[in-house]
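Numbering (this note's numbering), first residue to last: 9 to 416.
Even glycine gets a Cβ: it sits at the ideal position worked out from N, Cα and C.
On a predicted model such as this, the values are computed, not experimentally measured, just so you know.
Read through the structure below, which is laid out as structure tokens, and then see the notes.
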Ligand code: HGY
Ligand code: MN
Ligand code: MN
Ligand code: MN
């Protein structure tokens, strides 16, 4: 794959959903820009004579070969983004899957022995409805469809209404064991969200594991009152408790050598001249070990509860999503590391703290991930970037992986 050829397809998707102000993406699942990106995918797949289907959870599948053949080799990723996210997180895996099929056909492999599909999973980021990997969790039966249909976005729109508005029937949501059984292996290519490959000076790596991680929603309740007539000593201000939540998360994560982020908060009523009555804040916590993660969250809860008692506020919390550690299939991992590295120097194998649909599927089918070098390591922000040269190397790696798995 030449960098120019990668760039040609990449440039046809890149503008869809980009916010002209921040340069980041606003591709929330079932939004207009997500629908435009999905339409782009369907067109590109049909141009390649791939058979396209939308499953009951809204995930897209573009097939080369008869899906009923079973033991399929599936690649792909997601097209949705976090608010003002980067261009490559998700789309790189989808574009690379389509280009890998082009290369396989041009290299005269003939028809694959195992059917191949490029999949696009819905709401991987949880950017609209709050639960990450929604499409793959529903497919694998690891999320209750009734609960999913009630999920609401920031405007109060339910997933059911959003799907209906997009002309996709929400009543088919739920586990799809027959579809899952079709998959013999899943390989997701993704831009690296970190700098390990930069430090190793390698364009492509193979994932070993995904750290355990989760999202917790904290509700801090105080007493709304007038900003101009309430003495400081008389206040029960949940924003104060919130400030302490952020500090405690930061401190406890550093102590535990783990990661904790409070990136989203909502204050009610949210008026400049009114003391907040209630604050809702979301904690994203991640650690190499489950015990470290559990300890970190327990410490944050303890600190915030102690603080709430001092502030005269109340605190409640609930886990919105939990992802246990994912160890990718060792055989697949090692096979791809050898295949994708120059002779005698296997591709680097590295863990990640980022969640992926591959992490959900790994509990059900042999799964691997390939990473493409990200020079700044930045992700979930407009600055996320990968060079056309490295992206082309990623397509070559994915092509080699699919050739090895589906044509032998
Ligand atoms: O949040 C994550 O780790 C992933 O990018 N959804
Ligand atoms: Mn992401
Ligand atoms: Mn992603
Ligand atoms: Mn007033």
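Start-to-end residues for the alpha helix (DSSP H) that takes in residue i
i: residue 367; result: 365-369
i: residue 407; result: 396-414
i: residue 48; result: 40-55
i: residue 323; result: No alpha helix (DSSP H) holds residue 323; the beta strand (DSSP E) holding it covers 322-331.
i: residue 160; result: Premise fails: residue 160 is in no alpha helix (DSSP H) and is neither H nor E.
i: residue 339; result: 338-348
i: residue 172; result: 167-173
i: residue 239; result: Per DSSP, residue 239 belongs to no alpha helix (DSSP H) and is neither H nor E.
i: residue 208; result: 204-208
Rounded distance between the beta-carbons of residue j and residue i, thought under 8 angstroms
i: residue 289; j: residue 226; result: 5 angstroms
i: residue 244; j: residue 282; result: So it is not a contact: roughly 13 angstroms between Cβ atoms.
i: residue 144; j: residue 369; result: 6 angstroms
i: residue 167; j: residue 356; result: The pair is not a contact, with the Cβ atoms about 38 angstroms apart (cut-off 8 angstroms).
i: residue 228; j: residue 249; result: 5 angstroms
i: residue 217; j: residue 333; result: 6 angstroms
i: residue 21; j: residue 45; result: 7 angstroms
i: residue 157; j: residue 65; result: Contact doesn't hold; Cβ gap of about 11 angstroms is too wide.
i: residue 214; j: residue 401; result: Contact doesn't hold; Cβ gap of about 13 angstroms is too wide.
i: residue 337; j: residue 375; result: 6 angstroms
i: residue 394; j: residue 380; result: 5 angstroms
i: residue 120; j: residue 414; result: 4 angstroms
i: residue 224; j: residue 327; result: 5 angstroms
Residue from the options whose Cα sits closest to the Cα of residue i
i: residue 162; options: 416, 377, 342, 138; result: 138
i: residue 92; options: 181, 32, 17, 25; result: 32
i: residue 26; options: 396, 391, 395, 409; result: 391
i: residue 75; options: 394, 178, 122, 232; result: 122
i: residue 98; options: 399, 409, 359; result: 399
i: residue 38; options: 118, 172, 60, 64; result: 172
i: residue 219; options: 266, 129, 306, 144; result: 266
i: residue 418; options: 297, 276, 257; result: Outside the displayed range of the chain (9 to 416) lies residue 418, so it cannot be described from this structure.
i: residue 251; options: 47, 284, 223, 339; result: 284
i: residue 206; options: 239, 386, 154; result: 386
i: residue 310; options: 150, 298, 324, 402; result: 324
i: residue 277; options: 315, 293, 401, 232; result: 232
i: residue 417; options: 87, 164, 119, 82; result: Only positions 9 to 416 of the chain appear in this structure, which leaves residue 417 out of reach.
i: residue 101; options: 384, 366, 335; result: 366
i: residue 286; options: 295, 273, 298; result: 273
i: residue 129; options: 153, 364, 72; result: 364
i: residue 106; options: 56, 260, 294; result: 56
i: residue 117; options: 275, 94, 72, 103; result: 72
i: residue 313; options: 246, 331, 35, 202; result: 246
i: residue 241; options: 89, 327, 210, 320; result: 320
i: residue 417; options: 85, 60, 79, 131; result: In the structure displayed, the chain extends from 9 to 416; residue 417 sits before or after that span and is not available.
i: residue 193; options: 341, 210, 347, 296; result: 341
i: residue 149; options: 180, 169, 297; result: 180
Where residue i falls: helix, strand or coil (DSSP)
i: residue 233; result: strand
i: residue 377; result: strand
i: residue 249; result: helix
i: residue 354; result: coil
i: residue 19; result: helix
i: residue 144; result: helix
i: residue 37; result: coil
i: residue 154; result: helix
i: residue 384; result: coil
i: residue 60; result: strand
i: residue 26; result: strand
i: residue 287; result: strand
i: residue 261; result: helix
i: residue 188; result: helix
i: residue 180; result: helix
i: residue 254; result: helix
i: residue 137; result: coil
i: residue 13; result: helix
i: residue 75; result: helix
i: residue 293; result: strand
i: residue 121; result: coil
i: residue 221; result: strand
i: residue 360; result: strand
i: residue 31; result: coil
i: residue 227; result: strand
Start-to-end residues for the beta strand (DSSP E) that takes in residue i
i: residue 300; result: Counting along the chain, residue 300 falls outside any beta strand (DSSP E), though it belongs to the alpha helix (DSSP H) covering 298-319.
i: residue 192; result: 191-199
i: residue 271; result: 267-276
i: residue 129; result: 124-129
i: residue 104; result: Run containing residue 104: none in the beta strand (DSSP E); it sits in the alpha helix (DSSP H), 99-114.
i: residue 214; result: 212-218
i: residue 84; result: 80-86
i: residue 70; result: 68-72
Min CB distance residue i to chain D below 8 angstroms
i: residue 142; result: This model lacks chain D altogether, as it is built from one protein chain only.
ask   = What is the chain-ordered set of residues for which the beta carbon lies under 6 angstroms from any non-hydrogen atom of ligand 3?
value = 86, 97, 98, 132, 198, 364
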